[in-house]
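In this note's numbering, the protein residues as written are 35 to 420.
Backbone N, C-alpha and C fix where the C-beta goes; we use that ideal spot for every residue, glycine too.
In this text the structure is predicted, and so the values were computed from the model without any measurement.
Working notes, structure below.
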Amino acid sequence: MTTDNSPKRQVSIALPSTGDDEWKAVREPLSNGWLTQGPKVAQFEKNFAGRHEVTHAIATSSCTTGLHLILSAMGIGPGDEVIVPAFTWVSTANVVLYCGATPVLADVDPHTYNVTAETIRPRITVRTKAIVVVHLFGLCADIESIKKVAGDLPIIEDAACAIGSSYFGKPAGGLGLAAAFSFHPRKIVTTGEGGMVTTQSDVLAEKMVQLRNHGASISEEQRHRGPQPYLLADFNLIGFNYRLTDVQAAIGIVQLEKLEHFIKERNHWADFYQRELKEIEWLRVPAVPPGYGHGWQSFVCWVGETKLRQSRNELMALLQKKGISTRPGTHAIHQLGVYRERFGFVPEDYPVARDCEKFSMAIPLHNRMSDEDYRYVISVLKSVRY
Ligand SMILES: *Cc1c(COP(=O)(O)O)cnc(C)c1O
């Protein structure tokens, strides 16, 4: 590549906001030798539960393992159906398959990118055991209207993108029976890999704590700290090793302290994008219905058809040449190989999810961007002949 062609500026789609504070925080577990789940995890869980107004927060190795933990603890298995969105990250649906159950897809709304009461209602059968809603990109699903069609069916929140998001003043994570959050570096708060499950149910929490640690009836910490060194755990359940480490939790504690700042800053720049980009006729900025506190994990636009008939992909390639990273919003699950083959799906089965995959475009928004970066993205988008 010649220097003449290289762009003035490089703006990445996401960058984790970690630095000296996180670096200092890992000293303690690394020095005292408590590396896996221990006091730091306990502290992280306590802080997380407080922030999300729930009685239980249980740290896991990822959001995916957290979702699996929830469904396992609920006893979901072969013959059961679980409704999941047709437009989401692949693991929302995969965890249902992990349990030997059947994921039943519900299409999404093209403005919020989320499932709705209307898309869920026709998918409910006598076999339905749970409904997984995703708060995609940091915007909560419309829980109240979904609860009306769900009746007694439990609602699980895939809150991977929704740390700090709220629904009519209530934080994500306490809106259904249980929720799972992600601390992957693409999310707002990160521990490298990691997750957190929240619930208000004591019974479910107890089961999940056990399943997280191989099904053991007592924890390693109880064993090490307790006065009875001869104690061995009993295993009455087949569990998993889905623990978070104390090194990761030490980072998570520091990151969580910065959450309000992260969310505030993201909202500031999302408003700026909304104001500046709305004049572009071929671009639709993301909707924020009244009453919703958006966390802006991603700023996902809709790229319409234009007179020049360029495709979104051509636009994304052009932006990449100008140093601006973009990504399609996420996947239409029914178009992924595993699901196509197993269930015989065709693209028309979930037309909105199909179009969301084809026309959505996330543009850079994260806490390591400068004023100039945002202005650069806006000026390039406004100048594009599309
Ligand atoms: C990122 C993401 C996940 C997976 O989170 P991990 O922590 O990487 O397992 C699941 N669902 C949604 C909607 C996501 O965005």
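Taking its Cβ as the centre, do 16 or more other Cβ atoms sit within 10 Å of residue i, making it buried, or is it exposed?
{"i": "H102", "result": "buried"}
{"i": "T159", "result": "exposed"}
{"i": "K163", "result": "buried"}
{"i": "A351", "result": "exposed"}
{"i": "R259", "result": "exposed"}
{"i": "R161", "result": "exposed"}
{"i": "Y264", "result": "exposed"}
{"i": "I272", "result": "exposed"}
{"i": "L69", "result": "exposed"}
{"i": "L353", "result": "buried"}
{"i": "G286", "result": "buried"}
{"i": "D54", "result": "exposed"}
{"i": "E191", "result": "buried"}
{"i": "G210", "result": "buried"}
{"i": "K241", "result": "buried"}
{"i": "N247", "result": "buried"}
{"i": "E406", "result": "exposed"}
{"i": "V288", "result": "buried"}
{"i": "S40", "result": "exposed"}
{"i": "Q71", "result": "buried"}
{"i": "L139", "result": "buried"}
{"i": "Q282", "result": "buried"}
{"i": "V231", "result": "buried"}
Just to confirm the assignment, what range does the alpha helix (DSSP H) spanning residue i have?
{"i": "T153", "result": "A151 to I154"}
{"i": "S179", "result": "I177 to A184"}
{"i": "W57", "result": "D54 to A59"}
{"i": "T423", "result": "Shown here, the chain extends from 35 to 420; a query on residue 423 therefore has no answer."}
{"i": "C335", "result": "From DSSP, C335 is part of no alpha helix (DSSP H) but of the beta strand (DSSP E) over F333 to V337."}
{"i": "D236", "result": "D236 to R246"}
{"i": "E478", "result": "One cannot answer for residue 478 here, as it falls past the ends of the chain, which runs 35 to 420."}
{"i": "D407", "result": "D405 to S417"}
{"i": "E375", "result": "G371 to F377"}
{"i": "V75", "result": "P73 to R85"}
Beta strand (DSSP E) containing residue i: first to last residue?
{"i": "V45", "result": "Note, V45: premise wrong, no beta strand (DSSP E); not H, not E."}
{"i": "G229", "result": "G229 to T233"}
{"i": "M350", "result": "M350 -> not in any beta strand (DSSP E); alpha helix (DSSP H) instead, spanning R346 to K355."}
{"i": "T99", "result": "Premise fails: T99 lies in the alpha helix (DSSP H), C97 to A107, not in any beta strand (DSSP E)."}
{"i": "L139", "result": "T136 to A140"}
{"i": "S394", "result": "S394 to I397"}
{"i": "V116", "result": "E115 to P119"}
{"i": "H90", "result": "H90 to T94"}
{"i": "K163", "result": "T162 to V168"}
{"i": "F215", "result": "A212 to S216"}
{"i": "E191", "result": "I189 to D192"}
Which residue wins for smallest C-alpha separation from residue i, given the options the options?
{"i": "G208", "options": "V167, N247, N347 and V414", "result": "V167"}
{"i": "P119", "options": "A283, V149, K292 and S404", "result": "V149"}
{"i": "E56", "options": "R300, E291, F306 and Y410", "result": "E291"}
{"i": "T233", "options": "T225, A212, A127 and I252", "result": "A212"}
{"i": "A267", "options": "Q289, Q244 and Q282", "result": "Q244"}
{"i": "H218", "options": "K204, R157 and I197", "result": "I197"}
{"i": "D383", "options": "D176, H368, C174 and S417", "result": "H368"}
{"i": "F269", "options": "A250, G325 and H400", "result": "A250"}
{"i": "T146", "options": "A93, P156, H169 and R157", "result": "H169"}
{"i": "T122", "options": "L173, A284 and F82", "result": "L173"}
{"i": "D308", "options": "V322, K298 and I297", "result": "The amino acid at residue 308 is misidentified as Asp; the sequence shows Gln. It is V322."}
{"i": "G113", "options": "G134, H400, R419 and R61", "result": "G134"}
{"i": "S106", "options": "F274, R155, V281 and L293", "result": "F274"}
{"i": "G109", "options": "I92, I117 and V130", "result": "V130"}
{"i": "V237", "options": "L187, K355, H90 and G371", "result": "H90"}
{"i": "E255", "options": "E115, T279 and S235", "result": "T279"}
{"i": "I314", "options": "I92, D305, G327 and S417", "result": "S417"}
{"i": "D186", "options": "F171, P261 and I165", "result": "I165"}
Just to confirm my understanding: we take residue i, look at its own chain, exclude 5 residues before and 5 after, and list those with CB closer than 7 Å. What are they?
{"i": "L311", "result": "L317, V319, I412 and L415"}
{"i": "T36", "result": "Caution is warranted here: a pLDDT of 47 is assigned to T36, below 50, making its placement in the model unreliable, and the coordinate value is therefore given only provisionally. Excluding positions up to five away in sequence, the list is empty."}
{"i": "A396", "result": "I47, S332, F333, V334, T360, R361 and G363"}
{"i": "A206", "result": "H169, C174, E191, A193, A196, S199, S200 and A213"}
Nearest chain B C-beta to residue i closer than 8 Å, yes or no?
{"i": "R419", "result": "Absent from the structure: chain B. Only one protein chain is present."}
Excluding the 5 residues flanking residue i on each side, which residues of the same chain have their C-beta closer than 6 Å to its C-beta?
{"i": "A151", "result": "S179, I180 and V183"}
{"i": "T99", "result": "Y276"}
{"i": "S125", "result": "T98"}
{"i": "G325", "result": "F202"}
{"i": "M403", "result": "none"}
{"i": "R43", "result": "G357 and Y410"}
{"i": "R220", "result": "A48"}
{"i": "P50", "result": "P219 and T224"}
Here's a check: name, in chain order, each residue in its chain whose Cβ is nearer than 8 Å to the Cβ of residue i, leaving out the five neighbours to either side.
{"i": "P385", "result": "D141"}
{"i": "F393", "result": "W336, V337, G338 and R346"}
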